[in-house]
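With my numbering applied, the sequence shown has no gaps in its numbers, which climb one by one up to 157 at the end.
Think of the CB as a built atom: it goes at the ideal place given N, C-alpha and C, for glycine as much as any other residue.
Report on one structure; see the data block that follows.
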Amino acid sequence: MSSTHAVSAAYLVGVGVILTNPDGQLLLGHRIEPGVPACWCLPGGALEPGEDFVAAAVRELAEETGITDAHSPHVRAVLLDHPTDTMIRVTAAVTMQAGQGVPTVTEPHRFTGWRWFHPDRLPAPLFPASAHLLAAPVASDGPVRLTSRPRRETRSS
């Protein structure tokens with residue numbers, strides 16, 4: 001970028017929780033927000049000051065679903081993308097295993113329900129960040145994988 005074209009960018013650092021049950025199903029929430037089409041998404045959200053990816057994932061899972069007994073959190077992938085011309089987003093996929101907790105709707109203004117889905121039979125539409133995390137190559141037991149989605153094309157003036 002040339003020095004004559006300074007861009008003011010917004011930065012978002014977040015997590016998406018890939019919670020699996022003993023049957024290998026993934027937990028997704030039916031997300032509703034005013035002005036945005038309804039979709040399905042992973043539990044997750046933005047990091048708060050002082051948090052790392054795992055702490056944010058544990059907190060977001062509890063806040064959004066009421067589940068506090070998930071275990072074995074592990075950062076499996078990190079996605080860098082540019083959802084808009086002025087936003088840079090870094091999202092970590094944090095995998096966890098479900099405990100005995102049952103997901104409940106704790107934020108009825110954002111979600112209508114939580115359901116388990118087989119990875120080969122996911123509902124549509126998926127929230128874009130969740131779709132990107134679920135499509136990213138995920139390290140099984142090895143190092144974290146970084147996936148970068150290219151910046152959106154911008155129109156020239």
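DSSP state of F111 mapped onto helix, strand, coil: strand
Pair within 7 Å by beta-carbon distance, H30 and G99: no
Buried or exposed by the 16-neighbour rule on C-beta atoms within 10 Å, applied to E48: exposed
Pair within 7 Å by beta-carbon distance, L61 and A70: yes
Span of the beta strand (DSSP E) around L84: It is worth fixing the name first, because residue 84 is Thr in this sequence and not Leu. From DSSP, the beta strand (DSSP E) with T84 extends over H71 to T84.
Strand pairing of G44, partner residues [DSSP]: G16
Whole-number beta carbon distance between V75 and V90, since they are thought to touch under 8 Å: Going by Cβ atoms, the distance from V90 to V75 rounds to 12 Å, so no, they are not a contact pair.
Option in E63, I88 and P22 with minimal Cα separation from V13: I88
Exposure of F127, with buried meaning 16 or more beta-carbon neighbours within 10 Å: buried
Assumed close pair A57, V17 - CB separation to whole angstroms, cut-off 8 Å: 5 Å
Within 7 Å, strictly: CB atoms of P123 and T65: no
Proximal residues to D52 (C-beta, below 7 Å), its chain only, five neighbours per side dropped: none
Through-space distance from P34 to H109, alpha-carbon basis: 9 Å
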